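Asks: Chains as they are written, first to last, in our numbering: chain A, 223 to 635; chain B, 15 to 277.
Cβ atoms here follow ideal geometry from the backbone N, Cα and C, with glycine treated the same way.
None of the values given here were measured: they were computed from a predicted structure.
1. Buried or exposed for residue 215 (chain B), please, with buried defined as at least 16 other CB atoms from any protein chain shown within 10 angstroms of its CB.
2. Contact check, residue 350 (chain A) vs residue 411 (chain A) under 8 Å by CB: the rounded distance?
3. Mind pulling the chain A residues with CB within less than 9 Å of residue 14 (chain B)?
4. Taking residue 54 (chain B) as the query, report the chain A residues whose CB atoms sit under 7 Å from its CB, ordered along the chain.
5. Hey, would you say residue 82 (chain B) sits closer than 7 Å to residue 117 (chain B), going by beta carbons?
6. Bridge partners of residue 502 (chain A), per DSSP?
7. Mind checking whether residue 387 (chain A) and residue 364 (chain A) have CB atoms under 7 Å apart?
8. Using alpha carbons as the reference points, say which of A:460, A:373, A:466, A:634 lies closest to residue 449 (chain A).
9. So what's residue 329 (chain A) in DSSP terms, helix, strand or just coil?
10. Compare the C-beta of residue 231 (chain A) against all C-beta atoms of chain B and say whether one is closer than 7 Å.
11. By Cβ distance below 7 Å, which residues in the same chain neighbour residue 370 (chain A) in space, the five residues on each side in sequence not counted?
12. Looking only at its chain, what residues have a beta carbon closer than 6 Å to the beta carbon of residue 474 (chain A), apart from the 5 residues adjacent to it on each side?
13. Would you mind sorting residue 69 (chain B) into buried or exposed? The rule is 16 or more other CB atoms within 10 Å of its CB.
14. With a cut-off of 8 Å, do at least 3 Cβ pairs link the stretch 281-297 of chain A to the stretch 255-267 of chain A?
15. If contacts are defined as beta-carbon pairs under 8 Å, then residue 119 (chain B) and residue 27 (chain B) qualify, I think. What distance do you get, rounded to the angstrom?
16. For residue 52 (chain B), which residues does DSSP report across the bridge?
17. Using a Cβ-Cβ distance cut-off of 7 Å, determine whether residue 299 (chain A) contacts chain B.
18. Would you kindly work out how many angstroms separate the C-alpha atoms of residue 443 (chain A) and residue 17 (chain B), rounded to a whole number?
19. Taking the CB atoms as reference points, tell me whether residue 225 (chain B) and residue 241 (chain A) lie closer together than 7 Å.
20. Exposed or buried, residue 115 (chain B), counting other C-beta atoms within 10 Å across all chains shown (16 or more means buried)?
21. Can you check whether the CB of residue 551 (chain A) is closer than 7 Å to the CB of residue 569 (chain A)?
22. Kindly indicate the opening and closing residues of the beta strand (DSSP E) around residue 142 (chain B).
23. Using the three-state DSSP reduction, which class does residue 40 (chain B) fall into: helix, strand or coil?
24. Below 8 Å on the Cβ atoms is my contact criterion, and I expect residue 14 (chain B) with residue 154 (chain B) to pass it. Report the Cβ-Cβ distance as a whole number of Å.
25. Relative to chain B, which residues along the stretch 552-572 of chain A have a C-beta separation below 8 Å, given in chain order?
26. Which partner residues of residue 391 (chain A) appear in the DSSP bridge assignment?
27. Counting only beta-carbon separations shorter than 7 Å, does residue 361 (chain A) have a partner in chain B?
28. Under a CB-based cut-off of 7 Å, is residue 620 (chain A) close to chain B?
29. Beta carbon of residue 343 (chain A), beta carbon of residue 327 (chain A): below 7 Å?
30. Excluding five sequence neighbours on each side, which residues of the same chain lie with their C-beta closer than 7 Å to the C-beta of residue 233 (chain A)?
31. Going along the chain, which unbroken runs of the alpha helix (DSSP H) with 4 or more residues stay wholly within the stretch 61-129 of chain B?
32. Check whether the Cβ atoms of residue 184 (chain B) and residue 101 (chain B) lie closer than 7 Å to each other.
33. Measure the alpha-carbon distance for residue 275 (chain B) versus residue 76 (chain B) and round it to whole angstroms.
34. Taking 7 Å as the CB-CB cut-off, is residue 228 (chain B) touching chain A?
35. Could you check if residue 274 (chain A) belongs to the surroundings of the ligand ATP, using beta carbon to heavy atom distance under 6 Å?
36. Can we say the stretch 569-588 of chain A touches the stretch 279-286 of chain A, given the rule of at least three CB pairs closer than 8 Å?
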């Protein structure tokens, strides 16, 4: 081995050991801090050095070009590193700066059933600058108030703050969150200036949530007795309808309650879903007689036989207790210029991919299942990483397994 | 910990007992009798796996109980290593077989469990199975590395590789499996969580174990057999990282993360 090659080998060994040490350190500090650690500037230098060393190695070791397995492995690692850097936070920031590619790297969006949205909350990234206000407003913000002057400042930029607006301090200091009903702004002190940012960025298309549902291993259903010893069963989902036949008419599930309660308002009984802890699963069923008369009836899973006041039908809401969740499903539509351009029912392990972004379910409305929270991930650099994975796998399998198997087969012949 | 009072459970326990007996008999310098008992243990392991197959009516590789049950049929690995790779270590394999069946016998439930949504993926079985197989192979490599360190060479008549060479040969068999496990896991992470890399403690430990073997290859390429003890220490360090990845991360509270499900 000549001197240059020996030095390259030593450098390779050093970087491999260094990365091993970094990985073990990262495992001790937890995922969130490890991510920050591996994205710091010194580590960025390390990643670049690692990539350059791999490229140098391919150039100084003819063996790395001559032996196809070795070439694939090392080139695969270069591809993975380049893809990883291209898709990192710094990679996105540089693409934005030099290529004008304004892509959201990662964020979250909350979408209500029946609505569409393109606002992505990007908490940890450079935010969307809106305008600056006079530094004197700092004392207002410190007192958690929005003065009339500050309100007018916002008005000047066509942003109306409602009476419910709240001011909160951000934990890092020198920043405040001005939270309104549906929108939020961040005021941040930078040098002498007090700048207003929107914590949201916009996607170039909208995502509409048609329906969100949780599927269970034991499904819940509604049983309706239509005659002595004869009954019909439908899934206990809102919108399910059944023809009961003859003079009984039709039954339709119109609402589902997790914690059914009733209150009396203006002398009328009003049913509502109590968000406080407790469980009283119930269904609201509309029974339409053939003559058009509509009766509303409630059926309770924990209190079978209760609440049959208005009709003769015997209803039973079968819902096993403590059911194991099988899947979460969000039916999504991608809307651009008023046109539905893509559609997918996303489930765990089956995200939606559209326009350079991937969408995943991360959380949902635990009380009533009215909204879903999606995480949005940019797909920048992903292709390079996956190409690298293929090269690495094929290279290693060929070099360590298949070429020996092939040699054995040949020698036997 | 639970003891399974079922035919399936008894079959697992009989296999473990037979493997341990084979190991003890081999240690008592009765290698032929030990080998015969090892074969008997393998036969019971095959019956046990076949019974499971008949019982569930599909290839039993759907949950961790079944994966470990499959790995308990370790004899072909021993045979392959001896015949094809000229690497011995039958006694160690008997012990590895018993250890591998331990989770099937005492830890994982035999009832097909209802998988939480995140684990319902075609990648679940290959990701786990490939990793477990690579761990078995790497355990064999470590045994050879230890033989090298203590200077235990095969007898001249056995036609087996010296332990340093044997360690390298076996690591070459196990390393592609380790790589596949890591990459399948990363791809699954992308599908399930949104990122192909989440800097989770288990991911970082598995990367560290992979990198230690990468280091082993580079070190051995640089120095060849000039520092045989260093070569062996690299391989053993890799196995230590693997054991930490496999057990410590799931059992310990200090590395809480996405993979903290199995107990």
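Replies: Taking the structure as given:
1. Translated into the one-based positions of the second chain, residue 215 (chain B) becomes position 201. Buried, because 16 or more other Cβ atoms sit within 10 Å of the Cβ of residue 215 (chain B).
2. Along the first chain, read from residue 1 onward, the residue named residue 350 (chain A) stands at position 128. Along the first chain, read from residue 1 onward, the residue named residue 411 (chain A) stands at position 189. With a Cβ gap of about 17 Å, residue 350 (chain A) and residue 411 (chain A) do not count as contacting.
3. There is no way to answer for residue 14 (chain B), as the model of chain B reaches only from 15 to 277.
4. As a first step, residue 54 (chain B) is located in the second chain; it is residue number 40 there, counting from the start. Simply none; closest approach about 31 Å.
5. By one-based count along the second chain, residue 82 (chain B) stands at place 68. By one-based count along the second chain, residue 117 (chain B) stands at place 103. Their beta carbons are under 7 Å apart, which means residue 82 (chain B) touches residue 117 (chain B) by this criterion.
6. Within the first chain, the letter at position 280 stands for residue 502 (chain A). According to DSSP, which records beta bridges pairwise, residue 502 (chain A) is partnered with A:481.
7. Translated into the one-based positions of the first chain, residue 387 (chain A) becomes position 165. Translated into the one-based positions of the first chain, residue 364 (chain A) becomes position 142. Not in contact: residue 387 (chain A) and residue 364 (chain A) (Cβ atoms no closer than 7 Å).
8. The sequence position of residue 449 (chain A) within the first chain is 227, counting from 1. Measuring from the Cα of residue 449 (chain A), the nearest candidate turns out to be A:466.
9. The sequence position of residue 329 (chain A) within the first chain is 107, counting from 1. Strand, per DSSP.
10. Here residue 231 (chain A) refers to the residue found at position 9 of the first chain. Yes, residue 231 (chain A) lies at the interface with chain B (some Cβ there is under 7 Å from its Cβ).
11. What you label residue 370 (chain A) is simply residue 148 of the first chain in a count that begins at 1. Closer than 7 Å at the Cβ level, and outside the excluded window around residue 370 (chain A), lies no residue.
12. Locating residue 474 (chain A) in the first chain gives position 252, counting from the first residue. Taken in chain order, the residues that qualify are 463, 508.
13. Numbered from its first residue, the second chain carries residue 69 (chain B) at position 55. Per the 10 Å Cβ criterion, exposed.
14. no
15. Here residue 119 (chain B) corresponds to residue number 105 of the second chain, with the count starting at 1. Here residue 27 (chain B) corresponds to residue number 13 of the second chain, with the count starting at 1. Yes, they are in contact, since the Cβ atoms of residue 119 (chain B) and residue 27 (chain B) sit about 6 Å apart, within 8 Å.
16. Counted from its first residue, the second chain places residue 52 (chain B) at position 38. Bridge partners of residue 52 (chain B): none, in fact.
17. Here residue 299 (chain A) refers to the residue found at position 77 when the first chain is read from its first residue. Chain B contact via Cβ: absent.
18. If you number the first chain from 1, residue 443 (chain A) lands on position 221. If you number the second chain from 1, residue 17 (chain B) lands on position 3. Looking at the two C-alpha atoms, the distance is approximately 37 Å.
19. Indexing the second chain from 1 puts residue 225 (chain B) at position 211. Indexing the first chain from 1 puts residue 241 (chain A) at position 19. The answer is yes: Cβ separation under 7 Å.
20. Counted from its first residue, the second chain places residue 115 (chain B) at position 101. It is buried - the Cβ of residue 115 (chain B) has at least 16 other Cβ atoms within 10 Å.
21. As a first step, residue 569 (chain A) must be located in the first chain, where it is residue number 347. As a first step, residue 551 (chain A) must be located in the first chain, where it is residue number 329. Closer than 7 Å, so yes.
22. Against the second chain, residue 142 (chain B) aligns to sequence position 128. Segment 138-164 is the alpha helix (DSSP H) holding residue 142 (chain B); no beta strand (DSSP E) there.
23. Taking the second chain and counting its residues from 1, one reaches residue 40 (chain B) at position 26. Looking at residue 40 (chain B) - three-state DSSP - the assignment turns out to be helix.
24. The question about residue 14 (chain B) has no answer here: the residues shown for chain B are numbered 15 through 277.
25. 569, 570, 571, 572
26. Translated into the one-based positions of the first chain, residue 391 (chain A) becomes position 169. Answer is A:398, bridged to residue 391 (chain A).
27. Against the first chain, residue 361 (chain A) aligns to sequence position 139. Chain B, which has no Cβ nearer than 7 Å to the Cβ of residue 361 (chain A), makes this no.
28. Looking up residue 620 (chain A) in the first chain gives position 398. Cβ-Cβ to chain B under 7 Å: no for residue 620 (chain A).
29. Mapped onto the first chain, residue 343 (chain A) falls at position 121. Mapped onto the first chain, residue 327 (chain A) falls at position 105. Not a contact, by the Cβ cut-off of 7 Å.
30. Residue mapping note: residue 233 (chain A) aligns to position 11 of the first chain, counting from 1. These residues qualify, in order along the chain: 275.
31. 78-85, 89-97, 104-116
32. As a position in the second chain, residue 184 (chain B) is number 170, starting the count at 1. As a position in the second chain, residue 101 (chain B) is number 87, starting the count at 1. For residue 184 (chain B) and residue 101 (chain B), yes; Cβs fall inside 7 Å.
33. The residue you call residue 275 (chain B) lines up with position 261 of the second chain. The residue you call residue 76 (chain B) lines up with position 62 of the second chain. Interpretation of residue 275 (chain B) is limited by its pLDDT of 46, a score under 50 that renders its predicted location unreliable; the figure taken from the coordinates is listed afterwards. Cα-Cα distance, rounded: 17 Å.
34. Translated into the one-based positions of the second chain, residue 228 (chain B) becomes position 214. Output row for residue 228 (chain B): interface = yes.
35. This structure lacks the ligand ATP; in fact it carries no ligand of any kind.
36. no
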